[in-house]
Amino acid sequence: MTSVHTPPKRYLKNSLRAICIFCLASVVSGHTLAQLFVFESRVTSSDICNTERTSNVTFIHARWQFGQIRNNSTSNNIPVSCPVSTLFDSDSYNIGYVVYNNGTSAQTVSCSLTEWDFVGAKAQVLSGSVDLPANTVDVLSFDNVSLVDALNLFHVRCVLPPKTSLGLHFVDNFFSGGMMM
Amino acid sequence: MNPRLATFTSGLLGAVIGCVIGYSLSTSSPGTRDNSTYEYTERLAERLQHVDSRLEEMETNLQKVNSVIARTASAVAGLTRKLSASDSRRLTNTKMPLGQLSTETHEQEPLTARFRTIISEGGDQLVSEQPVRRPNPEAEADFIADTGLPLGDDAAEILDVFDSSDNIVQLQDAQCRNRICKVSYLPVSDAASGQDPDYLIIDKLSSQLGGKDLRIRFATDEFGAQVMYIQHR
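Read top to bottom, the protein sequences are chains A and B.
Our numbering numbers the first residue of the first sequence as 1 and each following residue consecutively.
Our numbering numbers the first residue of the second sequence as 1 and each following residue consecutively.
Put into structure tokens, the structure is as follows:
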């Protein structure tokens, strides 16, 4: 004997099937999200960074090696400064650095992301930091950051405690909505 | 109705709807793309206009700097002439009559005045180390509206940082609301090792607040003091 009414579960199943077919049809017609948004990324090493107004005593402890800028000092902090390339047009950016602690004690690496305007004034500074236990690596990132003015430039300044380093540097607009084509 | 027939019918209906919507999207694709391209071109045009106006502004500033340099050069040339005349007088060891000396002194006054004019009119444009600041209406509006994440106990910590930074900045005024602090200050001229006082303060803030993420905006107030608007990020 068959039931008169279709059970609710079947409606759900059929709806899901319809959605799947719709998605398939959409993909076939070429309307994927990748065509609506352009996701871009730039990755570089941190040997483009430089030390910032340090004394010679401090400067000799800075090392550029393995794509990193490292503080080999055992006692001094070294402020370093890095350019940030935002060569692609986007409403917002994710900017990050891989940071290392090669020492035997925990350290905190702090960075300031500065937005400079066309005449050299600071538009805004975003500060962030990451705590690194001994012999660990982590990422310090500024996510979904928007420029106050599209013509402005970003710049990063970090304070490297002893035995820490900055490594891979990335800029992308993943997850934040790329430029409409 | 037979359940199998119901399943088949609804599945078929779904496929038809999917295909119809997919087809309509594919036929509307060129229009959407055209609109996007048009918007993108418009944005580019707007930015070009912006760049154009900035370039004009820079050109005006350059003209000002050029005029300052020209006046400085002429003033320096005048001074050099006077110095060489003074040297020649010293070499010939001729004593100047008192009247002539007073004339010389009188002639030097306009020169000093000219230098004063040069410095007051455009000297600040030649000092590249001076931070360029402007009023920041957006940050001020946020301060008045008290927007952002709650500062909690960190407001007191922020004020402590400024209170204990006499060697970096001279505190003029500090007000913290629930979500944003506004601090007016004058940088101390001999800030440690010539580093940017703003970054020295930011480093101290970061350290004092245990590395909490901050957003800091800058401005000048009506008295010419520098202003930081500090919020959690």
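Cβ coordinates follow ideal geometry from the N, Cα and C atoms, glycine included.
Exposure of residue i, with buried meaning 16 or more beta-carbon neighbours within 10 Å
{"i": "E115(A)", "result": "buried"}
{"i": "V137(A)", "result": "exposed"}
{"i": "V57(A)", "result": "exposed"}
{"i": "Y38(B)", "result": "exposed"}
{"i": "P79(A)", "result": "buried"}
{"i": "L48(B)", "result": "exposed"}
{"i": "R245(B)", "result": "This structure gives no information on residue 245(B), because the portion of chain B shown stretches from 1 to 233."}
{"i": "Q107(A)", "result": "buried"}
{"i": "R53(A)", "result": "exposed"}
{"i": "L87(A)", "result": "exposed"}
{"i": "F143(B)", "result": "buried"}
{"i": "T60(B)", "result": "exposed"}
{"i": "T164(A)", "result": "buried"}
{"i": "S90(A)", "result": "buried"}
{"i": "I60(A)", "result": "exposed"}
{"i": "S73(A)", "result": "buried"}
{"i": "D154(B)", "result": "buried"}
{"i": "S41(A)", "result": "exposed"}
{"i": "D146(B)", "result": "exposed"}
Any C-beta of chain B under 7 Å from that of residue i
{"i": "G67(A)", "result": "no"}
{"i": "K163(A)", "result": "no"}
{"i": "G177(A)", "result": "Legend: pLDDT at G177(A) = 48, less than 50; position of this residue unreliable, no value from coordinates given."}
{"i": "L126(A)", "result": "yes"}
{"i": "F118(A)", "result": "yes"}
{"i": "V159(A)", "result": "yes"}
{"i": "T108(A)", "result": "yes"}
{"i": "S73(A)", "result": "no"}
{"i": "R70(A)", "result": "no"}
{"i": "R53(A)", "result": "yes"}
{"i": "M1(A)", "result": "Only weak support exists for where M1(A) lies, its pLDDT of 43 falling under 50; the value from the coordinates is given anyway. Not closer than 7 Å to any Cβ of chain B, the Cβ of M1(A) fails to qualify, so no."}
{"i": "D172(A)", "result": "no"}
{"i": "S112(A)", "result": "yes"}
{"i": "T32(A)", "result": "Residue placement at T32(A) cannot be trusted, given a pLDDT of 49 that sits under 50; what the coordinates show is reported in the next sentence. Taking Cβ atoms only, chain B never reaches closer than 7 Å to T32(A), which makes this a no."}
{"i": "S41(A)", "result": "no"}
{"i": "S129(A)", "result": "yes"}
From the options, residue whose alpha carbon lies closest to that of residue i
{"i": "R233(B)", "options": "L132(A), G128(A), F66(A), L151(A)", "result": "G128(A)"}
{"i": "N77(A)", "options": "P162(A), N173(A), T108(A), F170(A)", "result": "P162(A)"}
{"i": "T104(A)", "options": "S75(A), R53(A), K122(A), T51(A)", "result": "S75(A)"}
{"i": "H169(A)", "options": "V80(A), R70(A), V99(A)", "result": "V99(A)"}
{"i": "D196(B)", "options": "P137(B), L209(B), N167(B)", "result": "N167(B)"}
{"i": "A123(A)", "options": "R215(B), D142(B), G224(B)", "result": "R215(B)"}
{"i": "D160(B)", "options": "Y38(B), P187(B), S207(B)", "result": "S207(B)"}
{"i": "N101(A)", "options": "L132(A), S90(A), S110(A)", "result": "L132(A)"}
{"i": "R133(B)", "options": "Q226(B), E56(B), S36(B), I230(B)", "result": "Q226(B)"}
{"i": "Q50(A)", "options": "S41(A), T44(A), D89(A), R63(A)", "result": "Note that residue 50(A) corresponds to Asn in the displayed sequence, not to Gln. The candidate whose alpha carbon is nearest that of N50(A) is R63(A)."}
{"i": "A141(B)", "options": "D52(B), E46(B), Y229(B)", "result": "Y229(B)"}
{"i": "E138(B)", "options": "V188(B), T220(B), L44(B), D213(B)", "result": "T220(B)"}
{"i": "L200(B)", "options": "S164(B), R54(B), A45(B)", "result": "S164(B)"}
{"i": "L140(A)", "options": "A134(A), V109(A), V125(A)", "result": "V109(A)"}
{"i": "K212(B)", "options": "N173(A), V130(A), S46(A), D47(A)", "result": "V130(A)"}
{"i": "S112(A)", "options": "F223(B), L209(B), I202(B), E46(B)", "result": "I202(B)"}
{"i": "S46(A)", "options": "N135(A), F39(A), I69(A)", "result": "I69(A)"}
{"i": "G67(A)", "options": "F39(A), V43(A), S85(A), V171(A)", "result": "V43(A)"}
{"i": "N136(B)", "options": "E157(B), E57(B), S184(B)", "result": "S184(B)"}
Contact with chain A by residue i, beta-carbon distance below 7 Å
{"i": "F143(B)", "result": "no"}
{"i": "L214(B)", "result": "yes"}
{"i": "S206(B)", "result": "yes"}
{"i": "R114(B)", "result": "Note that R114(B) has pLDDT 43, beneath the 50 cutoff, so the model's placement of it is unreliable and the number below is only indicative. So, not an interface residue."}
{"i": "E42(B)", "result": "no"}
{"i": "G211(B)", "result": "yes"}
{"i": "D154(B)", "result": "no"}
{"i": "R233(B)", "result": "yes"}
{"i": "F218(B)", "result": "yes"}
{"i": "R54(B)", "result": "yes"}
{"i": "Q195(B)", "result": "yes"}
{"i": "D203(B)", "result": "yes"}
Strand pairing of residue i, partner residues [DSSP]
{"i": "F142(A)", "result": "I95(A)"}
{"i": "C181(B)", "result": "C176(B), I230(B)"}
{"i": "P187(B)", "result": "V169(B)"}
{"i": "L214(B)", "result": "S127(A), H232(B)"}
{"i": "C49(A)", "result": "DSSP output for C49(A) lists no bridge partner at all."}
{"i": "Q107(A)", "result": "L132(A)"}
{"i": "L149(B)", "result": "L149(B) is not bridged to any residue."}
{"i": "D172(A)", "result": "S41(A), N94(A)"}
{"i": "E115(A)", "result": "Q124(A), F154(A)"}
{"i": "Q65(A)", "result": "Q68(A)"}
Practice prompt. Decide if the stretch 132–149 of chain A is in contact with the stretch 81–97 of chain A; the criterion is three or more beta carbon pairs, one per stretch, under 8 Å apart.
Written response: Three or more pairs of CB atoms, one per stretch, sit closer than 8 Å, so the stretch 132–149 of chain A contacts the stretch 81–97 of chain A.
Worksheet item: Are at least three pairs of beta-carbons, each pair with one atom in the stretch 149–165 of chain A and one in the stretch 118–125 of chain A, less than 8 Å apart?
Response: Flag = yes, the stretch 149–165 of chain A and the stretch 118–125 of chain A touch.
Worksheet item: At a cut of 8 Å, does the stretch 155–174 of chain A reach the stretch 169–177 of chain B through at least three beta carbon pairs?
Response: Flag = no, the stretch 155–174 of chain A and the stretch 169–177 of chain B do not touch.
Worksheet entry | Touch test, the stretch 175–185 of chain B against the stretch 147–154 of chain B, Cβ-Cβ under 8 Å, three pairs minimum | Yes: the two stretches touch, three or more of their Cβ pairs being nearer than 8 Å.
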